[in-house]
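When the letters of the sequence shown are read in order and numbered with the numbering used here, they come out as residues 4 to 156.
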Amino acid sequence: MGTVQRSFPFLPQHVWDLMFDPDMWSVNTQGFTPTVGRRFVIKDPAVLGTRFTGCFECVVSDVQPCQRLEFAVQALTWSGPPTALIDTFEFVELPGETHCTFTVCGADRNDPAERLLEHIITESIHWGFHYINRKLERQTRRLPSVFGLPGLS
Numbered sequence: 004m005g006t007v008q009r010s011f012p013f014l015p016q017h018v019w020d021l022m023f024d025p026d027m028w029s030v031n032t033q034g035f036t037p038t039v040g041r042r043f044v045i046k047d048p049a050v051l052g053t054r055f056t057g058c059f060e061c062v063v064s065d066v067q068p069c070q071r072l073e074f075a076v077q078a079l080t081w082s083g084p085p086t087a088l089i090d091t092f093e094f095v096e097l098p099g100e101t102h103c104t105f106t107v108c109g110a111d112r113n114d115p116a117e118r119l120l121e122h123i124i125t126e127s128i129h130w131g132f133h134y135i136n137r138k139l140e141r142q143t144r145r146l147p148s149v150f151g152l153p154g155l156s
């Protein structure tokens, strides 16, 4: 199981809205909405040196807005059966922040290709969390009064 955790100094709704905006994702996502039963596809470059094509067929399996989102993933392969994974995002509101935990379950830790796939997924989420935090910081910055002079804003 791969895990990534991050605290964001923002309300859960702000983090949720940005995190599940597919335009914010670093991968090509087709058809995603945070709705139970929704099928979507993630297309990423193939995982070099492995059987994985970089195409992931997904189904949203649980949505509790601003608390939890889970989806089942089929990591497609060049040959053989796909690898089944479960990706989960959980949010906990704490004083002054939102704590988010991402987990990916189902990779065979004895299979080097699946270990690599899990690592790539968790690293992608790690950098995604960083990017989302930066984006939230930029959105909440306030502009100074006009020309920095009081009373002109």
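For each residue, glycine too, the CB sits at the ideal point set by N, CA and C.
Residues in its own chain within less than 6 Å of residue i by CB, not counting five upstream and five downstream?
i	result
F132	R9
P85	Q77, A78 and L79
E73	S64, D65 and T91
T143	none
G154	Reliability of the predicted coordinates at G154 is poor, the pLDDT of 47 falling under 50, and no value is obtained from them.
I128	V7 and F105
Could you check if residue i is buried or exposed, using at least 16 other CB atoms within 10 Å of its CB as the buried criterion?
i	result
W19	buried
A78	buried
P37	buried
E126	exposed
P115	exposed
I'd like to confirm the pairing. Which residues does DSSP put opposite residue i in its beta bridges?
i	result
R42	V62
Q8	T104
R71	Q67 and E93
N31	K46
Does the Cβ-Cβ distance between residue i and residue j come in under 8 Å?
i	j	result
V76	D90	yes
C108	M4	yes
Return the chain-ordered list of same chain residues with a C-beta closer than 7 Å to the C-beta of residue i, the five sequence neighbours on each side being excluded.
i	result
C58	V44, K46 and L79
W81	R54 and T56
Report the residue from the options whose alpha carbon sits nearest the alpha carbon of residue i.
i	options	result
A87	L72, L97 and V62	V62
F55	Q70, G83, F74 and C69	G83
F13	H129, A110 and P98	P98
V39	Q67, H129 and P48	Q67
E96	P15, T6 and G5	P15
G52	K138, L120 and W130	L120
F23	H122, R137 and R71	R71
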